[in-house]
Amino acid sequence: MERSLLPWLLLLLCFADGVFQSRAQPDSKGFISIDCGIQPNTSYVHNTTKISYVADDDFTDGGSNYNVSPEYIKPQLSQRYYNLRAFPDGARNCYTARSLAPGIKYLIRASFLYGNYDGLNKLPVFHLYIGVNFWTMVNITSLGLGGSRYEEAIVVVPDDFVQVCLINTGTGTPFISSLELRPLDKRLYPQVNATLGLLQLNRLNFGPTDNSLVRYPDDPHDRFWGNWDSYTSSLWKEISTASRVDNLDGDIFDAPTAVMQTAVTPRNASGNIYFFWEPWPQPNDPTPPYTVIFHFSELEILTNNASRQFYINLNGEPLIDTAYEPTYLTARYLYGLEPLERTSRYNITINATANSTLPPLINAAEIFSIISTAVIGTDSQDASSMMAIKDKYQVKKNWMGDPCMPKTFAWDKLTCSYPNSSGARIISLNLSSSGLSADISSAFGNLKALQYLDLSNNSLTGSIPDVLSQLPSLRVLDLTGNQLSGSIPSGILKRIQDGSLNVRYGNNPNLCINGNSCKAAKKKSKLAIYTVIPAVLVVLIASVTTLFCLLRRKKQGPMNNSLEQQNEMSTSTSHVLINSGYGDNVSLRLENRRFTYKELEKITNKFKRVLGRGGFGYVYHGFLEDGTEVAVKLRSESSSQGAKEFLIEAQILTRIHHKNLVSMISYCKDGIYMALVYEYMPEGTLEEHIVGLEYLHKGCNPPIIHRDVKATNILLNTRLEAKIADFGLSKASSYDNITHVSTNALVGTLGYVDPEYQMTMQATTKSDVYSFGVVLLELVTGKPAILHEPNPISVIHWTRQRLARGNIEDVVDTCMPSDYDVNGVWKAMDIAFTCTAQASTQRLTMTEVVMQLQECLELEDARCAIGDAHNEFYPDPRSDHNLSYNTYVSDRSNDVSQNSGVSMMEHNFGRVPTMASGPAAR
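Going by mature numbering (1 follows the signal peptide of the UniProt record, and there is no 0), the letters in the sequence shown line up with residues -21 to -1, 1 to 901, in that order.
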């Protein structure tokens, strides 16, 4: 027979959610029997099978327990149907069974009886999955409120756990009455392997007329064998024996003796046995493929002249080429290794041969549809690690089922990559502010593809596990805002020093960051400055405005201001004399130590990694001996800026301290070598971000005018807080009431320089406001200060020209999603234009700018409050250059294939048989 088109691939990669306790383990037979909906921590023994059923609270952490309505509890109803668990919340809810035998076949059976448990008289329709693979559609609408049904599959379980998931399709609340797992020998059901499974349509015991159900212990595998209805007995007669019917050695189906001891044959000696079924369409497969297994045994002792031979036909065509003759008291079977050819109706006819003296018989039959399992779940180690993390920290969220698959049900707070030929990998995990407590789980160390791990702002305790340093792909590790203690492991320090890992560990009061002491990190201000990811990322306009939203004036004196670095460090104090090169010997008290040039070579690994370049010279990446990362700005011999600018910047940074100004850690004045050592800002320059100007203008005495505010002089620290850098061109006023300084030479950067300053040569605080307005326009538009299209034009004029058309979309950066608050963008534009007014008297002060940008933030916050403001970590898609991070990119594979089938079976003698003590077969 021609082979059907079935891409039968790996069936399962299923992952656990609950923690098994001893009572939830498989019993001595390997059975797991769960009565869903009974009281937690309870169990009972089935009165006939003596199988122990346990409550389901150890197997799932979703849903609620219910009792079926009393009118549907009949004497013949099995106890497992009295209660159920329903799942009104969440798109996917899963049961997890563990301690299985990996690599063997399991019969998995789920049972359902609605029983009007919710009083709604509304029967639901929903889907079942085994792991990430579609199992079947549960549709009980034809059974009535008190009808029961079970769904059964035979699959290979590759791991020591398997998961059964109920999927809400929007057509009623999913529920389940019981869930049973039965291990099967590898030899059984050879059609089942790692690439396909079987979904039972029906398993029929021909012969009995008492509506009995054969199951365990008569069937050691606890399969359900139903029988035909007694009202058709006028068309056929039962053949039975009290003798045992044996299976041959190596029998691949193990039909039980209790089933094989009965058979049916037509009452009319010339009659045929006939039955049929029609395909039952599934969501993605209207005519699923089927396979059938026939069980035969001769139960009568035939005389020498008697014979029983017959043919088996499908839709009038022979299923086997030769006549079949059953063997006395021996269980035999017929089946096809290939699925039956797809058709709209399967008509089975068993008719006697011309030489047969007896009519045909049949003892039993099993009908299955084929489950195609092309979907591969998350890498097994990754999934197991996430299960352990979920269990340890009792994470709820939507953490059910496979972490990454299907994509529509992927867990919150993680990002996956989807290779074409292997399981999905977890590359990003953001558990910031998730209420985690206890120590850091070693399971994080098994996520070998992880690139970004954010555990910040939790209550984690204990030491940092060195196993995290063994993650080959990890680039960012954020541990800030916890209660960690001990020292940073040597493996992590080594990764920090070679530049392969950026570790954020501030605000851990008990964490030792050097070999001698542990100093408590200073408490972070509750009015932390919000920042945004650069415009090369997909960002919301709210992120642009939040950069400035909570600035407030600091009026502390120079010696009272605190130096707040994310990664706390100890310092020593020295009193030094710096010669400016212009005849001025100026005494500076630096709250830092002085480095020699050779020490700088050691700190920077001989100036190996360049972070950037400015007018002063190159900036290099380095590490202090305690592991603190620093940026070293070394003056170049060819620099247009010399000792004068070096002195200015050193003077300014030793007397002003603000969380939004880059802090100087140390300096070097060693012969011809001059360098400044700063706190490291790992997120680099920020063309879209700026904060801190208000403090320079109002919080310093005398006020400081930066004179070179631009995108490349704004840096980001590890918490994406923006800080102003490069004070080599800054000027301080002589008195508090003077807001300008006169200069002999125009300084600044083309595109940012105040036109009034260009004319008067007098720099004011409003000159910085003008430059800030340009940066704000860069933030919103994603354009540089000077555009070339093809003639040079400032971003101010470029924006005004396009806004004259009245369409804000003409100027907003195309990288931004379209759901930003339009009023907030117009407000930001208005602020920018006011900042860049030609006359300084028409410009805002920085205090006014901060207040108005707060209004922009409120507009966006109001929009987000209406929608689903869901903060996820979306890694930087830039390549690693200067101070930026490496790329975090995900390959996406095709969506889940739901290709499987079930159908209904009938026969020429009447309706589908029912089972007295079990659910109705389909």
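All residues carry an ideal CB built from backbone N, CA and C; glycine is no exception.
Note that the structure is a prediction, hence the values are computed from the model and not measured.
Given a cut-off of 8 Å, decide if residue 124 and residue 347 are closer than it, judged by their beta-carbon atoms. Stepping through the sequence shown from its first residue, residue 347 is reached at position 368. Stepping through the sequence shown from its first residue, residue 124 is reached at position 145. Going by C-beta atoms, residue 347 is not nearer than 8 Å to residue 124.
In whole angstroms, what separates the C-alpha of residue 255 from that of residue 310? Here residue 255 is taken as the residue at index 276 of the sequence shown, counted from 1. Here residue 310 is taken as the residue at index 331 of the sequence shown, counted from 1. So the two alpha carbons sit approximately 24 Å from each other.
Name the DSSP beta bridge partners of residue 652, please? For the purposes of this step, residue 652 is taken as residue 673 along the sequence shown, with counting starting at 1. Its beta-bridge partners are 649.
Under three-state DSSP, which class holds residue 225? Locating residue 225 in the sequence shown gives position 246, where the first residue counts as 1. Three-state result, residue 225: strand.
Any contact between the segment 102 to 122 and the segment 141 to 149? By contact I mean 3 or more CB pairs, one from each, below 8 Å. yes
Mind checking whether residue 377 and residue 251 have CB atoms under 8 Å apart? As a working note, residue 377 is residue 398 in the sequence shown. As a working note, residue 251 is residue 272 in the sequence shown. Going by C-beta atoms, residue 377 is not nearer than 8 Å to residue 251.
Exposed or buried, which one is residue 653 when buried takes at least 16 other CB atoms within 10 Å? Residue mapping note: residue 653 aligns to position 674 of the sequence shown, counting from 1. Residue 653 should be labelled buried.
Tell me which residue opens and which closes the alpha helix (DSSP H) that residue 755 is part of. Taking the first residue of the sequence shown as 1, we reach residue 755 at position 776. Counting along the chain, the alpha helix (DSSP H) containing residue 755 begins and ends at 744 to 760.
Return the chain-ordered list of same chain residues with a C-beta closer than 6 Å to the C-beta of residue 194, the five sequence neighbours on each side being excluded. Against the sequence shown, residue 194 aligns to sequence position 215. Closer than 6 Å at Cβ, skipping near neighbours: 201, 203.
Between which two residues does the alpha helix (DSSP H) carrying residue 812 extend? One-based indexing of the sequence shown puts residue 812 at position 833. Residues 801 to 814.
Residue 728 and residue 756: beta carbons closer than 8 Å? Translated into the one-based positions of the sequence shown, residue 728 becomes position 749. Translated into the one-based positions of the sequence shown, residue 756 becomes position 777. No.
Which value, in whole angstroms, describes the spacing of the CA atoms of residue 573 and residue 774? For the purposes of this step, residue 573 is identified with residue 594 of the sequence shown, where counting begins at 1. For the purposes of this step, residue 774 is identified with residue 795 of the sequence shown, where counting begins at 1. If I take the Cα positions, the gap works out to 42 Å.
Limits of the unbroken alpha helix (DSSP H) element including residue 776: The residue you call residue 776 lines up with position 797 of the sequence shown. Taken as a continuous stretch (DSSP letters only), the alpha helix (DSSP H) holding residue 776 covers 774 to 782.
Do you know how far the Cα of residue 17 is from the Cα of residue 34? Translated into positions along the sequence shown, residue 34 becomes position 55. Translated into positions along the sequence shown, residue 17 becomes position 38. Approximately 6 Å, taken between the alpha carbons.
Residue interval of the beta strand (DSSP E) (run including residue 914): A question about residue 914 goes unanswered here, because the residues of the chain that appear run from -21 up to 901.
Three-state secondary structure (DSSP) at residue 914? Nothing can be reported for residue 914: it is not among the residues displayed for the chain, which extend from -21 to 901.
Quick check on the burial criterion: 16 or more other C-beta atoms within 10 angstroms. Buried or exposed for residue 223? Here residue 223 corresponds to residue number 244 of the sequence shown, with the count starting at 1. It counts as exposed.
Residue from 451, 336, 596 whose Cα sits closest to the Cα of residue 426: Within the sequence shown, residue 426 is the residue found at index 447, counting from 1. When only C-alpha atoms are compared, the closest one is 451.
Is DSSP giving residue 477 helix, strand or coil here? By one-based count along the sequence shown, residue 477 stands at place 498. The answer is coil: DSSP assigns residue 477 none of H, G, I, E or B.
So, using beta-carbon positions, are residue 186 and residue 220 closer together than 8 Å? Taking the first residue of the sequence shown as position 1, residue 186 is located at position 207. Taking the first residue of the sequence shown as position 1, residue 220 is located at position 241. No, the pair does not count as a contact, with Cβ atoms beyond the cut-off.
What is the DSSP secondary structure of residue 326, reduced to helix, strand or coil? The residue you call residue 326 lines up with position 347 of the sequence shown. In this structure, residue 326 counts as strand in the three-state DSSP scheme.
Residues in the same chain with beta-carbon distance under 8 Å from residue 393, minus the five sequence neighbours each way, listed in chain order, please. Taking the first residue of the sequence shown as position 1, residue 393 is located at position 414. So the qualifying residues of the chain are 365, 382, 383, 405, 407, 408, 409.
Counting pairs of Cβ atoms below 8 Å between the segment 157 to 168 and the segment 286 to 305, do you hit three or more? no
For residue 244, which residues in the same chain have their Cβ closer than 7 Å to its Cβ, ignoring the five residues on either side in sequence? What you label residue 244 is simply residue 265 of the sequence shown in a count that begins at 1. So the qualifying residues of the chain are 215, 216, 218, 338, 339, 340.
Counting C-beta neighbours from all protein chains within 10 Å, is the total for residue 794 16 or more, i.e. buried, or is it exposed? Position 815 of the sequence shown, counted from the first residue, corresponds to residue 794. Counting Cβ neighbours within 10 Å, residue 794 comes out exposed, since fewer than 16 surround it.
Cα separation between residue 801 and residue 787? In the sequence shown, counting from the first residue as 1, residue 801 sits at position 822. In the sequence shown, counting from the first residue as 1, residue 787 sits at position 808. Each residue's alpha carbon lies about 8 Å from the other.
Assigned secondary structure, residue 794 (DSSP; H/G/I helix, E/B strand, else coil): Translated into positions along the sequence shown, residue 794 becomes position 815. Three-state DSSP puts residue 794 in coil, outside helix and strand.
Any idea what DSSP makes of residue 107, helix, strand or coil? Start at 1 with the first residue of the sequence shown, and residue 107 comes out as number 128. Looking at residue 107 - three-state DSSP - the assignment turns out to be strand.
Selection from 782, 422, 273 that minimises the alpha carbon distance to residue 449: The count along the sequence shown starts at 1 and reaches residue 449 at position 470. Comparing Cα positions, the closest option is 422.
Would a check of beta-carbon distances place residue 805 closer than 8 Å to chain D? In summary, chain D is missing from the structure at hand, where a single protein chain is found.
Under a Cβ-count criterion, where at least 16 other Cβ atoms within 10 Å of its own Cβ denotes burial, should residue 29 be classed as buried or exposed? Here the question's residue 29 lines up with position 50 in the sequence shown. By the 10 Å Cβ count, residue 29 comes out exposed.
When burial is assigned at 16 or more other CB atoms within 10 Å of the CB, is residue 768 buried or exposed? Residue mapping note: residue 768 aligns to position 789 of the sequence shown, counting from 1. Exposed.
Pairwise C-alpha distance: residue 822 and residue 864: In the sequence shown, residue 864 corresponds to position 885, counting from 1. In the sequence shown, residue 822 corresponds to position 843, counting from 1. Model confidence at residue 864 stands at a pLDDT of 23, short of 50, so the residue's coordinates are unreliable; what they give is reported in the following sentence. Taking the straight line joining both Cα atoms gives about 36 Å.
Would you mind reading off the limits of the beta strand (DSSP E) that contains residue 116? For the purposes of this step, residue 116 is identified with residue 137 of the sequence shown, where counting begins at 1. 112 to 118 is the span of the beta strand (DSSP E), which, as asked, contains residue 116.
For the beta strand (DSSP E) that contains residue 258, what are its first and last residues? Residue mapping note: residue 258 aligns to position 279 of the sequence shown, counting from 1. Residues 252 to 259.
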